[in-house]
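Here the structure comes first, spelled out in structure tokens, and everything after it is commentary.
Residue numbers (our numbering): 726 to 1035.
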């Protein structure tokens, strides 16, 4: 009898352990989507994705200038093993929670190189966070690998720097959304040239970003290419804004491009715009420059008002 009872107890114990293992496994599956993570993945569509819950942003703040109109600070925040340097401008308006802009410079342009735009946006009442992107000759370390190096990293199932730079933008969004003086439902991304490419990808991944403004930017026009190598096709799709811009549907996409742009031909920008869904707007300007021109300011002021009013 004692042996029988011992046997039943043993079986009961084994059953309890089995049920506990099953419970823990399913519990972890249930809570996983809600746990902070920076894990990257490629969807079945072949697009980059990151979790929406990325956790609190670790950062330091140093006030550089404080006037009656605006407070200017240097922000250093952590992202994917790198310190990302940024300039934060907070206008001293009466709004308790202000709309905000993540400002992404073009290639080889530092955060200080965008001072004119950032100061103008702050003058219009918008909090601005201007990034020193990786490899852009600013304070942020790291660098942009060659396309061959990025491809080799991607095929090896390691995270390319291009993807990390998109994550840097997502963390910039998180930083602003966490602030008490920012309206988290009114944060947009403004990118020039290369910065516009990261703006499109970040907004496609993060549905809480309200809108995207791209100046002198376009995708890589890779979607129509008949690649001989399937891995090459997968790699280009995962980094090409043309593949992402439709994911910003029901949020506004504004593109501004000069007919005289010799760096990114306007035809490429128009093709990217063609992939976008409504609501969207393409504005053609006639400046002999690539990127921002001061003459765009009055037009951009009105467009910004309309975007944030939606």
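Glycine is no exception: its CB is placed at the ideal position from the N, C-alpha and C atoms.
Nearest-angstrom Cβ-Cβ length linking residue i and residue j, presumed shorter than 8 Å
| i | j | result |
| --- | --- | --- |
| residue 913 | residue 934 | 7 Å |
| residue 927 | residue 894 | 4 Å |
| residue 978 | residue 940 | With 8 Å as the limit, residue 978 and residue 940 do not qualify as a contact, their Cβ atoms being about 12 Å apart. |
| residue 985 | residue 1013 | 5 Å |
| residue 971 | residue 1000 | 6 Å |
| residue 820 | residue 835 | So it is not a contact: roughly 29 Å between Cβ atoms. |
Alpha-carbon to alpha-carbon, residue j and residue i
| i | j | result |
| --- | --- | --- |
| residue 906 | residue 789 | 19 Å |
| residue 795 | residue 899 | 22 Å |
| residue 954 | residue 925 | 26 Å |
| residue 967 | residue 793 | 43 Å |
| residue 947 | residue 959 | 10 Å |
| residue 781 | residue 903 | 8 Å |
| residue 952 | residue 962 | 11 Å |
| residue 919 | residue 994 | 12 Å |
| residue 861 | residue 923 | 13 Å |
| residue 976 | residue 864 | 32 Å |
| residue 829 | residue 801 | 15 Å |
| residue 810 | residue 874 | 25 Å |
| residue 799 | residue 949 | 42 Å |
| residue 797 | residue 988 | 32 Å |
| residue 803 | residue 778 | 15 Å |
| residue 843 | residue 784 | 21 Å |
| residue 990 | residue 982 | 9 Å |
| residue 943 | residue 921 | 7 Å |
| residue 1015 | residue 932 | 29 Å |
| residue 1018 | residue 760 | 43 Å |
| residue 753 | residue 896 | Model confidence at residue 753 stands at a pLDDT of 42, short of 50, so the residue's coordinates are unreliable and nothing is read from them. |
| residue 996 | residue 826 | 25 Å |
| residue 1004 | residue 1035 | 11 Å |
| residue 911 | residue 1011 | 30 Å |
| residue 1002 | residue 969 | 11 Å |
| residue 866 | residue 837 | 16 Å |
| residue 1045 | residue 839 | With the chain represented from 726 up to 1035, any question about residue 1045 goes unanswered, as that position is not in the structure. |
| residue 1027 | residue 786 | 32 Å |
| residue 833 | residue 768 | 31 Å |
| residue 915 | residue 791 | 24 Å |
Coil, strand or helix - residue i by DSSP
| i | result |
| --- | --- |
| residue 872 | helix |
| residue 816 | strand |
| residue 932 | coil |
| residue 802 | strand |
| residue 948 | coil |
| residue 999 | helix |
| residue 986 | coil |
| residue 1026 | helix |
| residue 967 | helix |
| residue 747 | In this prediction, residue 747 scores a pLDDT of 49, lower than 50, which makes its location untrustworthy; no coordinate-derived value is stated. |
| residue 1018 | coil |
| residue 1036 | What the structure shows of the chain is the stretch from 726 to 1035, and residue 1036 is not part of that stretch, so it cannot be assessed. |
| residue 756 | Model confidence at residue 756 stands at a pLDDT of 41, short of 50, so the residue's coordinates are unreliable and nothing is read from them. |
| residue 914 | strand |
| residue 956 | helix |
| residue 835 | coil |
| residue 1009 | strand |
| residue 962 | helix |
| residue 844 | helix |
| residue 810 | strand |
| residue 921 | helix |
Distance CB(residue i)-CB(residue j) smaller than 8 Å
| i | j | result |
| --- | --- | --- |
| residue 892 | residue 763 | yes |
| residue 998 | residue 980 | yes |
| residue 831 | residue 917 | yes |
| residue 883 | residue 807 | no |
| residue 901 | residue 855 | no |
| residue 824 | residue 766 | no |
| residue 1024 | residue 1008 | yes |
| residue 929 | residue 973 | yes |
query = So does the segment 864 to 882 actually touch the segment 844 to 855, counting three or more Cβ pairs closer than 8 Å?
reply = Result no; under three Cβ-Cβ pairs closer than 8 Å.
ask   = If you pair each beta-carbon of the segment 766 to 780 with each one of the segment 884 to 895, do three or more pairs fall below 8 Å?
value = Touching, yes.
request  = Count the CB pairs spanning the segment 812 to 819 and the segment 864 to 871 that are closer than 8 Å, and state whether there are at least three.
outcome  = In this structure the segment 812 to 819 does not touch the segment 864 to 871; the number of beta carbon pairs closer than 8 Å is below three.
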